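Here the structure comes first, spelled out in structure tokens, and everything after it is commentary.
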Ligand SMILES: C[S@@+](CC[C@H](N)C(=O)[O-])C[C@H]1O[C@@H](n2cnc3c(N)ncnc32)[C@H](O)[C@@H]1O
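Residue numbers (UniProt numbering): 1 to 445.
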């Protein structure tokens with residue numbers, strides 16, 4: 001159904017989007033054209049304002065009136081998101097239903113991008129219940145958060161659209177107390193504030209100096225701007241510890257890491273333990289024990305998966321056997337410094353550099369775990385891994401489209417997916433984490 005009207009410069013339409021998109025929108029059709037509607041639950045009849053009409057094949061719209069609300073619609077618990085922040089973008093949907101929508105998104109990506117058949121996904125259990133919660137109601141799960149600092153020196157979540165900062169309204173994702181009293185700090189306008197809660201719930205706050213401007217330097221304006229934004233994000237930033245320490249202690253199993261507050265650690269309190277357990281269980285179930293052999297932990301951060309592989313022999317759910325050596329490959333020096341302390345007495349070799357270049361020089365692995373950033377691993381890395389011919393690969397993905405693409409490349413290189421698990425590691429947002437276990441297709445079922 002569709003009707004058109006005009007409000008100011010923007011056209012308004014009435015439609016009933018019926019499925020979820022990877023970016024959290026609900027997808028509908030209007031006169032044969034796809035419309036991505038923000039702020040709608042699939043199945044609702046909404047009036048939506050077209051906000052981006054530049055593409056021929058699709059348009060983007062914001063729901064401005066919910067004419068027939070879904071039974072899954074709730075009042076968002078997140079004050080910041082209600083005031084335009086991009087944090088809890090699905091806070092207006094009942095959390096149990098967001099998990100069903102994420103399962104649908106995963107299935108859709110695996111079919112459309114990954115090339116998997118419907119029967120294959122049924123056999124792999126990629127169905128409505130596949131996205132597991134990590135034991136919370138969707139609020140106060142975050143142990144690491146990054147806020148922007150506005151021109152008045154107030155910290156807040158980044159706006160959902162555009163460069164603004166939503167100060168004065170709290171997000172519900174950070175652990176209780178993590179955002180208390182930040183308004184009392186003297187902050188530098190234009191900087192960022194990183195807040196981390198350690199294993200004892202103690203807060204550490206570090207300010208990153210404003211990024212230096214980077215010139216777009218390209219005639220192709222949009223591409224030039226994107227490149228400039230990436231260079232701005234990646235440049236080293238001066239750090240100022242405002243509370244607590246420059247590092248925060250985190251524990252998984254029997255091991256502790258001292259992670260730089262501005263460095264990488266999984267955002268959800270339960271994620272490192274939950275993922276580590278899933279990885280060792282999947283390897284054990286694939287009969288791919290790395291006992292005595294070589295394991296690679298690619299994009300390893302401070303080595304949470306390396307620890308899981310080493311400790312699998314003593315883990316009741318793991319039963320995998322201890323590898324003789326684990327090679328961790330990671331580009332971030334501070335993560336590797338943390339790993340060096342934690343693994344001082346373990347058979348772990350740390351390699352700093354780009355995965356594609358470093359992994360090609362490592363000894364052949366029995367098991368490979370790879371956990372790339374949102375961009376995914378990509379063809380070069382997948383070629384390096386497949387050429388090394390491991391008996392088991394565990395691929396961890398935080399962007400479902402790239403995850404599906406990477407799996408399809410492993411399949412093209414002679415691997416078969418034997419298990420997929422997914423986690424609601426970013427509740428009330430559209431993000432979902434998935435883990436796949438692959439074995440050589442020649443090994444049969
Ligand atoms: C999603 S995190 C995973 C970290 C770790 N597996 C964990 O669970 O804590 C991705 C990591 O890959 C690193 N990284 C990103 N691109 C890389 C590359 N091309 N080569 C090596 N490391 C990279 C980042 O610094 C980051 O620590």
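Even for Gly, the Cβ is constructed at its ideal location relative to N, Cα and C. Since the structure is predicted, the reported quantities are computational estimates derived from the model, not experimental observations.
In the DSSP assignment, residue 197 is bridged to 203. For residue 48, the enclosing beta strand (DSSP E) covers residues 45-52. Distance from the CA of residue 136 to the CA of residue 87, rounded to the nearest whole angstrom, comes to 17 Å. Per DSSP, the beta-bridge partners of residue 415 are 440.
Where residue 58 is concerned, the enclosing beta strand (DSSP E) starts and stops at 58-68.
Here residue 351 is bridged, per DSSP, to 329.
The beta carbons of residue 365 and residue 294 sit closer together than 7 Å.
Counting the other CB atoms within 10 Å of its CB gives residue 168 a total below 16, which places it among the exposed residues. Taken from the Cβ of residue 304, at least one heavy atom of ligand 1 lies inside 6 Å. The DSSP-derived three-state label of residue 407 is helix. DSSP places residue 143 outside both helix and strand once states are collapsed to three, so it counts as coil. Boundaries of the alpha helix (DSSP H) harbouring residue 272: 271-285, taken from the DSSP string.
When the Cα atoms are used, residue 23 and residue 134 turn out to be separated by approximately 21 Å. Beta-bridge annotation (DSSP): residue 157 is paired with 166.
Boundaries cannot be given for residue 432, as no alpha helix (DSSP H) includes it and DSSP labels it neither H nor E. Pairing residue 400 with residue 105 gives a Cβ-Cβ distance under 7 Å. Per DSSP, the unbroken beta strand (DSSP E) holding residue 260 starts and ends at 255-260. Closer than 6 Å to some heavy atom of ligand 1: that describes the Cβ of residue 300. Residues 26, 27, 28, 42 and 43 of the same chain have their beta carbon placed closer than 8 Å to that of residue 18, with the five preceding and five following residues left out of the count. Under the three-state reduction of DSSP, residue 214 is assigned to coil, being neither helix nor strand. For the 7 Å CB-CB criterion, residue 12 and residue 47 form a contact.
In the same chain as residue 258, and ignoring 5 residues on each side of it, the C-beta atoms closer than 6 Å to its own belong to 247, 249 and 338, in chain order.
Bounds of the alpha helix (DSSP H) holding residue 107 are 95-112.
When the Cα atoms are used, residue 412 and residue 419 turn out to be separated by approximately 17 Å.
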